[in-house]
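> Mind having a look at this structure? Questions to follow.
Numbering (my numbering), first residue to last: 49 to 193.
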């Protein structure tokens, strides 16, 4: 009864550490994903250098075998539907982690990262691209990507 009252009367998650209930009954993962969305867990320069080093090693290996490669970054539901997030969640840092990666790695590894965020944001006006009650994108989003 307590959980039902919180969800259906107050539109609040009974477990705020795991789930947030946004506008129009859209559910979002809480915790670390909210911290990432808000910019609290952006990459340090040291972390970006580690990604660079890792991709340098991968490039050498894959190039030696003639294998083409790309890195598809799957966007968070939070970044595609920020208007559906509860009022308690807000951006504190406008630079997204994927943008940090792209800005750091693009000059060294051009066209490595595929980020379908903009395409999904544009597509969401005609069809939903994430499930309401789930953190995963749907088949249409997969098609767009």
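Backbone N, C-alpha and C fix where the C-beta goes; we use that ideal spot for every residue, glycine too. Quick caveat: nothing in here was measured; it's all calculated off a predicted structure.
Assess, as a yes-or-no matter, whether the segment 127-142 is touched by the segment 75-91 under the definition of 3 or more beta carbon pairs within less than 8 Å.
Touching, yes.
> Once you ignore the five residues that flank residue 167 on each side, which residues in its own chain have a CB closer than 6 Å to its CB?
If we look at residue 167 and ignore the five residues flanking it on each side, its Cβ neighbours are 192.
> Where does residue 140 land, buried or exposed, given buried means 16+ other C-beta within 10 angstroms?
Exposed, by the Cβ-count rule.
> How would you write the range of the beta strand (DSSP E) that residue 108 sits in, first residue to last?
Not the beta strand (DSSP E): residue 108 falls in the alpha helix (DSSP H), residues 93-112.
> Who are the near neighbours of residue 189 in its chain, counting only those whose CB is closer than 7 Å to its CB and skipping five residues on each side?
Answer for residue 189: 168, 177, 178, listed in chain order.
> Sorted by chain position, which residues of the same chain lie with C-beta nearer than 6 Å to residue 164's C-beta, five sequence neighbours on each side aside?
Result list for residue 164: 193, in chain order.
> Alpha carbons only, please: which of 155, 146, 128, 180 is nearest the one belonging to residue 104?
The residue with the shortest Cα to Cα distance from residue 104 is 155.
> Where does residue 149 fall in DSSP's three states?
In this structure, residue 149 counts as helix in the three-state DSSP scheme.
> Could you tell me which of 180, 83, 120 sits nearest to residue 138, measuring between CA atoms?
Per the Cα distances, 83.
> Residue 76 lies in the beta strand (DSSP E); which residues open and close that run?
That run of the beta strand (DSSP E) goes 75-77.
> Going by C-alpha to C-alpha distance, which of 161, 126, 95 sits closest to residue 180?
When only C-alpha atoms are compared, the closest one is 126.
> What's the C-alpha gap between residue 172 and residue 69?
Their Cα atoms are separated by approximately 19 Å.
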